[in-house]
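Per our numbering, the very first residue in the sequence shown carries number 42; after that it's consecutive.
The beta-carbon is built from N, C-alpha and C at its ideal position, and this holds for glycine as well.
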Amino acid sequence: MHPAVLNLVLTLGLMQVANFFKIDKEENVNMIRIAYGVMQAISFAALLVIWRKVVAINDRSPLVFVESKNPLDRTETETVRMTVRDYDVQKILETARSQAIAIAIMGFMHYKWGYIRPLFLQAVLGLKGMYQQNLVKVHLLGEPATGGLARPWKTASPFGETVKPTTEKALKAEQRKAAKKKGL
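This is the structure we're talking about:
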């Protein structure tokens, strides 16, 4: 099943579960808050375990790729050279930062407007999302970093497409092609 369809079905199913158990009742609010807090704690603990593994492995294999300076404008690019360890640490920090922002937004929505259902959804869908992260797949689940898990990882675009950073091999081929055009 396509991941987007699976997410939609899971979300609609969870909303029906929420309606069945009447999670909006006052006696259920604290349980939902605890579930959300536990899920976030598990997520940050997983990131800490991954960080410790990355530092312990200390993979100094070179990684060269091209990424765009501006995510909205793919024409301005820069070549990035770093080690696999540095790349993984950078991805861990990006993930932690995005989780902290999501917690702040969710906390504001819950505090200001009293929304309970988003807390419930994130308590369940957060674990699913964590399981789908490349960092978790490679470092916790032990999947080999080949194929779709080969670094650099694809980044999700806000417009629906995934953008894979160009590797050094593709960059050299592009430079040769540009040199041939100049020679003509």
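- The region 89 to 105 makes no contact with the region 143 to 152, as fewer than three CB pairs between them are under 8 Å.
- Taking C-alpha positions only, K223 is separated from W92 by approximately 46 Å.
- The alpha-carbon separation between W194 and E67 amounts to approximately 43 Å.
- About 25 Å separates the beta carbons of T118 and Q174, which is beyond the 8 Å limit, so they are not a contact pair.
- DSSP places S102 outside both helix and strand once states are collapsed to three, so it counts as coil.
- When the beta-carbon positions are compared, V165 and M171 stay at least 8 Å from each other.
- Pairing I83 with F161 gives a Cβ-Cβ distance that is not under 8 Å.
- For R122, the CB contacts under 8 Å within the same chain, skipping 5 residues up- and downstream, are P103, L104, V105 in chain order.
- Look at D65 here: in three-state DSSP terms it is coil, with no helix or strand label.
- Looking only at R115, L190, R158, the smallest Cα-Cα distance to N71 is reached by R158.
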